[in-house]
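Peer 1:
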Amino acid sequence: MINLCVLPSTASCRKAHRWLLEHRIPFHERNMNAQPLTEAEIKHLLQYTYDGIDDLISTKSNAYQQLSRTTPIEDMSLSEAVHVLSQTPQLLRRPIIFDDHRLLCGFNQDEIRMFIPRDQRVLKLKSLSEHQMA
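Following my numbering, the numbering of the sequence shown begins with 2 at its first residue and continues without gaps.
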């Protein structure tokens, strides 16, 4: 099952929601304002990142700008940073889309395609190749 973690007021979250619906991909949506990610969940997501905490943080957010003035997240230990992220979901990039093997932070039209089930991708490629041969 795909998990879609959103802050509903953001355009990128609405785009991801719409994209998953259009591609008929089942997902569970979670409002991070109402139900923030726990420290354990953030640690779990870190397994799928390339650059650790940096992949999860929205450096353009107001919350990040305010935090940077007092205690930059880069100066925190990993456990402190995870705690702050769990307490302040506005620091996280959004949407956060993940399943048991993949993670996408932020909406990207090309990268979100990784969540299309393999059998659907194969059928699409087959259909395209047949169309080109005709």
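Cβ atoms here follow ideal geometry from the backbone N, Cα and C, with glycine treated the same way.
These numbers were taken from a predicted model, which means no experiment stands behind them.
Among residues of its own chain, excluding the 5 on either side of I58, which ones have a beta-carbon nearer than 8 angstroms to its beta-carbon?
Peer 2: Taking the sequence shown and counting its residues from 1, one reaches residue 58 at position 57. These residues qualify, in order along the chain: Y65, I74, L86, L92, L93, R94.
Peer 1: So, at 6 angstroms on beta carbons, what are the nonlocal neighbours of E30 in its own chain, with the 5 sequence-adjacent residues on each side left out?
Peer 2: Here residue 30 refers to the residue found at position 29 when the sequence shown is read from its first residue. If we look at E30 and ignore the five residues flanking it on each side, its Cβ neighbours are L5.
Peer 1: Does P73 have its Cβ less than 7 angstroms from a Cβ in chain C?
Peer 2: Among the protein chains of the structure shown there is no chain C, as only one such chain exists.
Peer 1: Quick one: complete alpha helix (DSSP H) runs, 4+ long, within the region 50 to 133?
Peer 2: Listed in chain order, the complete alpha helix (DSSP H) runs (minimum 4 residues) inside the region 50 to 133 are 54 to 57, 63 to 71, 79 to 88.
Peer 1: Pull up the CB-CB distance for W20 and I97, whole angstroms please, since I reckon it's below 8 angstroms.
Peer 2: Position 19 of the sequence shown holds residue 20. Position 96 of the sequence shown holds residue 97. Not confirmed; about 14 angstroms, so no contact.
Peer 1: How is I26 classed by DSSP in three states: helix, strand or coil?
Peer 2: Reading the sequence shown from its first residue, position 25 is the one you call residue 26. DSSP places I26 in coil when its eight states are reduced to three.
Peer 1: Decide if L46 is buried, meaning its Cβ has at least 16 other Cβ atoms within 10 Å, or exposed.
Peer 2: Working through the sequence shown from its first residue, we reach residue 46 at position 45. Buried: at least 16 other Cβ atoms inside 10 Å.
Peer 1: Quick test of the definition: if touching needs 3 or more C-beta pairs under 8 angstroms, does the region 68 to 82 touch the region 101 to 108?
Peer 2: Segments in contact, no.
Peer 1: Suppose contacts are defined by Cβ-Cβ distances below 7 angstroms. Is L8 in contact with M33 by that definition?
Peer 2: Reading the sequence shown from its first residue, position 7 is the one you call residue 8. Reading the sequence shown from its first residue, position 32 is the one you call residue 33. It is a contact, given that the beta carbons lie within the stated cut-off.
Peer 1: On the three-state DSSP scale, how would you describe L5?
Peer 2: As a working note, residue 5 is residue 4 in the sequence shown. Of the three classes helix, strand and coil, the one that applies to L5 here is strand, per DSSP.
Peer 1: Kindly indicate which residue of H18, D111, P90, I117 has the alpha-carbon position closest to the one of I43.
Peer 2: The count along the sequence shown starts at 1 and reaches residue 43 at position 42. Checked all of H18, D111, P90, I117; the closest Cα to I43 is P90.
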